[in-house]
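What follows is a short report on a single structure.
There are 2 protein chains.
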Amino acid sequence: MDQKLADTILNELEELILDGTFENGERLDEVTLAKRFGVSRTPVREALQKLVLAGLVEQQPRRGAFVRQPGPVELIEMFEVMAELEASCARFAASRISDEALDELRAANQRCQAAVEANDADRYYEENEVFHKIIYRQSGNGLLEQEALRLHRRLKPFRRVQLRLRGRMRQSMAEHLEIVEALTRADANAAAEALRAHVAVQGEKFHHLAATFKTSAA
Amino acid sequence: MDQKLADTILNELEELILDGTFENGERLDEVTLAKRFGVSRTPVREALQKLVLAGLVEQQPRRGAFVRQPGPVELIEMFEVMAELEASCARFAASRISDEALDELRAANQRCQAAVEANDADRYYEENEVFHKIIYRQSGNGLLEQEALRLHRRLKPFRRVQLRLRGRMRQSMAEHLEIVEALTRADANAAAEALRAHVAVQGEKFHHLAATFKTSAA
DNA sequence: GTCAAACATTTTGTATACAGGAATGTTGAT
DNA sequence: ATCAACATTCCTGTATACAAAATGTTTGAC
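Protein chains in written order, with UniProt numbering: chain A, 1 to 218; chain B, 1 to 218.
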């Protein structure tokens with residue numbers, strides 16, 4: 001039924017960090033967490049180790065583990081890499097995508113369109129995710145797919161924000177259509193370029209938004 | 001001075017796996033490893049967890065940890081992703097590389113040339129690594145650099161083999177020159193394309209070599 | 001009053017002890 | 001002889017105990 005205790009702790013902790021429940025530099029005390037989850041320190045330590053590997057937590061020897069929310073620079077870097085990874089997925093997918101997957105892509109896109117017309121940002125967000133994940137999968141490269149999913153997940157909280165921008169959903173839709181078209185033509189370069197631009201715009205929009213929001217220091 | 005025990009174990013284990021000291025499906029018994037390294041099970045477990053995250057070890061719940069050498073399919077996938085990552089590095093580096101780094105690149109290339117003329121494969125291998133790592137760094141994206149370094153390291157044992165092929169060093173050199181030229185012109189697409197091809201060829205050569213070597217099953 | 005040193009406290013890192021599940025071997029029946 | 005059920009044993013996962021290091025506090029000297 002349930003997996004290892006350490007894994008459940010890992011998931012919960014990850015959620016708590018991504019949700020922003022834990023502040024940025026906040027210290028993650030092992031015994032406190034252990035008590036909070038009602039387990040011993042051992043599974044907590046395991047979870048922390050993995051979070052370090054995932055980049056969510058920084059560990060200083062003999063000092064402890066600290067939440068490590070990405071700063072502006074790292075966010076830009078993550079969006080840049082995301083754009084490159086997705087471009088690569090599109091490049092491969094252009095020659096490898098199946099007809100069924102192309103249909104699924106179009107279907108997802110139509111659901112996106114419906115969400116735009118209903119002005120349903122949540123719905124759009126969900127279907128957009130489906131759209132992108134199909135392309136990851138259709139890269140035909142399991143490793144690339146994994147890496148893309150990993151970073152996608154990491155960027156989730158930040159990507160969501162930029163949909164609030166006026167007209168962003170509509171623009172995003174147009175970009176989707178261009179991507180599908182390029183994939184249909186099996187034009188690897190065009191597909192890669194379209195997806196790269198699509199994601200890069202997300203990064204820029206987010207950056208813009210963050211700049212307007214924050215008056216606090218970096 | 002010395003880091004955590006668990007980290008040294010991690011490094012040693014990683015080395016042993018990459019060196020092929022441990023067979024593919026080989027089981028990694030915790031107590032055996034603990035005795036071998038003269039420590040308790042705790043740091044060994046930590047190291048194993050991290051190796052799982054790194055993809056070198058597979059863990060089945062309540063069953064144990066097993067060495068997970070990549071099969072032919074995964075190797076191809078890794079080389080493909082490596083090519084894409086390096087292409088991305090080149091793309092960014094084209095506009096971000098410093099003049100000093102360009103000089104270093106040319107210098108490394110000259111040392112490569114010297115190694116070719118001396119027919120010194122080991123020397124070439126080393127300088128080639130320097131060459132590539134400069135480009136990773138000059139992508140100006142720390143995350144991308146890290147990812148590239150990670151996969152580079154993972155592919156190390158497999159990349160080395162293909163240098164044995166007749167004329168490969170000379171061909172590789174020519175490709176290096178093309179890369180440097182594109183970077184000098186700040187031509188992002190050309191640089192990306194050149195590096196992608198350069199790495200892809202490595203993958204193909206390796207694949208070719210593996211096919212001729214192995215009569216054993218996959 | 002301030003600075004420094006020693007001590008106490010807290011917390012990480014490691015070792016060991018304990019519990020439950022999986023695999024293997026044995027025994028009995030058909 | 002083969003198969004199945006059971007018992008034993010081994011190993012993983014978790015808890016706890018111990019050691020060392022770092023931080024904070026108190027006390028004493030200047």
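Beta carbons: idealized from backbone N, C-alpha and C, even for Gly. Treat the numbers as computed from the prediction; the structure is a model and nothing was measured.
Where does the unbroken beta strand (DSSP E) through residue 60/B begin, and where does it stop?
It spans 57 to 60 - the beta strand (DSSP E) in which residue 60/B sits, taken as one unbroken run.
If contacts are defined as beta-carbon pairs under 8 Å, then residue 64/B and residue 27/B qualify, I think. What distance do you get, rounded to the angstrom?
Contact holds; Cβ gap of about 6 Å.
Check the Cβ of residue 142/B against every Cβ in chain A and list those closer than 7 Å, keeping chain order.
Neighbours of residue 142/B on chain A, chain order: 77.
Check the DSSP bridge columns for residue 28/B and list the partner residues they point to.
Residue 28/B is bridged to 65/B.
Identify whether residue 128/A lies in helix, strand or coil by the three-state DSSP scheme.
Three-state DSSP puts residue 128/A in a helix.
Is residue 98/B close to chain A? Criterion is C-beta to C-beta, closer than 7 Å.
It does not; no Cβ of chain A falls within 7 Å.
What are the boundary residues of the alpha helix (DSSP H) that residue 79/B is part of?
Note, residue 79/B: alpha helix (DSSP H), 72 to 96.
Closest by CA to residue 153/B, which one among 138/B, 18/B and 210/B?
Comparing Cα-Cα distances from residue 153/B to each of 138/B, 18/B and 210/B, the minimum goes to 18/B.
Under a three-way DSSP split, which group does residue 203/B fall into?
DSSP places residue 203/B in helix when its eight states are reduced to three.
Just the C-alpha distance for residue 15/A and residue 133/A, rounded to the nearest angstrom, thanks.
Rounded to the nearest angstrom, the two C-alpha atoms are 21 Å apart.
Return the chain-ordered list of same chain residues with a C-beta closer than 7 Å to the C-beta of residue 116/B, the five sequence neighbours on each side being excluded.
Hits under 7 Å: 124, 169, 170 and 173.
Under the three-state reduction of DSSP, which class applies to residue 3/B: helix, strand or coil?
Note: residue 3/B maps to coil in three-state DSSP.
List the whole-angstrom C-beta distance separating residue 155/B from residue 78/B, where the pair is believed to meet the contact cut-off of C-beta under 8 Å.
Right, their Cβ atoms sit about 6 Å apart.
Does residue 59/A get closer than 7 Å to chain B when you measure Cβ to Cβ?
Answer no: the Cβ-Cβ gap between residue 59/A and chain B never drops below 7 Å.
Going by DSSP, what residue range makes up the alpha helix (DSSP H) through residue 170/A?
Counting along the chain, the alpha helix (DSSP H) containing residue 170/A begins and ends at 168 to 184.
Is there a Cβ of chain A sitting closer than 7 Å to that of residue 180/B, yes or no?
It does not; no Cβ of chain A falls within 7 Å.
According to DSSP, is residue 158/A part of a helix, a strand, or is it coil?
Three-state DSSP puts residue 158/A in a helix.
Would residue 160/A be called buried (16 or more neighbouring beta carbons within 10 Å of its own) or exposed?
Residue 160/A should be labelled exposed.
Measuring only between beta-carbons, confirm whether residue 165/A sits less than 7 Å from chain B.
No, no contact with chain B.
Taking just the CA atoms, how far does residue 32/B sit from residue 92/B?
C-alpha separation (whole angstroms): 47 Å.
Any idea what DSSP makes of residue 241/B, helix, strand or coil?
The structure shown has nothing for residue 241/B, since chain B only spans 1 to 218.
Locate the alpha helix (DSSP H) running through residue 42/B, then write down its first and last residues.
Run containing residue 42/B: 41 to 54, per the alpha helix (DSSP H) assignment.
Identify each residue in the stretch 40 to 59 of chain B for which the Cβ-Cβ distance to at least one residue of chain A is less than 7 Å, and report them in chain order.
Cβ contacts with chain A come from 46, 49, 50 and 53.
Contact defined as beta carbons within less than 8 Å: I believe residue 81/B pairs with residue 119/A. What is the distance between those atoms, to the nearest angstrom?
Actually they do not touch by this definition, with Cβ atoms about 38 Å apart.
Within the same chain, show all residues whose beta-carbon is closer than 7 Å to that of residue 188/B, passing over the 5 residues directly before and after it, in chain order.
So the qualifying residues of the chain are 91, 94 and 95.
So residue 81/B contacts chain A; which residues on that side make the cut at Cβ distance below 8 Å?
Under the 8 Å cutoff, chain A gives 88, 141, 143, 144 and 147.
Among 191/A, 199/A, 182/A and 99/A, whose alpha-carbon lies nearest the alpha-carbon of residue 129/A?
Of the listed residues, the one whose Cα sits closest to residue 129/A is 199/A.
Out of curiosity, what's the CA-to-CA distance linking residue 8/A and residue 50/A?
So the two alpha carbons sit approximately 12 Å from each other.
Please say whether residue 209/B and residue 138/B have beta carbons closer to each other than 7 Å?
Result no, Cβ atoms of residue 138/B and residue 209/B do not sit closer than 7 Å.
Kindly give me the distance between the Cβ atoms of residue 194/A and residue 178/A, rounded to whole angstroms, as I take these residues to be in contact under 8 Å.
5 Å between Cβ atoms; contact.
Leaving out five residues before and five after residue 97/B in sequence, what residues of the same chain have Cβ atoms less than 7 Å from its Cβ?
Hits under 7 Å: 138 and 183.
Examine chain A for any beta-carbon lying closer than 7 Å to the beta-carbon of residue 26/B, and answer yes or no.
Output row for residue 26/B: interface = no.
Quick check on residue 23/B: does DSSP put it in helix, strand or coil?
Correct three-state label for residue 23/B: coil.
Taking 7 Å as the threshold (beta carbon to beta carbon), is residue 12/B in contact with chain A?
Not closer than 7 Å to any Cβ of chain A, the Cβ of residue 12/B fails to qualify, so no.
Leaving out five residues on either side along the sequence, give the residues of the same chain with a beta carbon under 8 Å from the beta carbon of residue 151/A.
Taken in chain order, the residues that qualify are 78, 81, 82 and 85.
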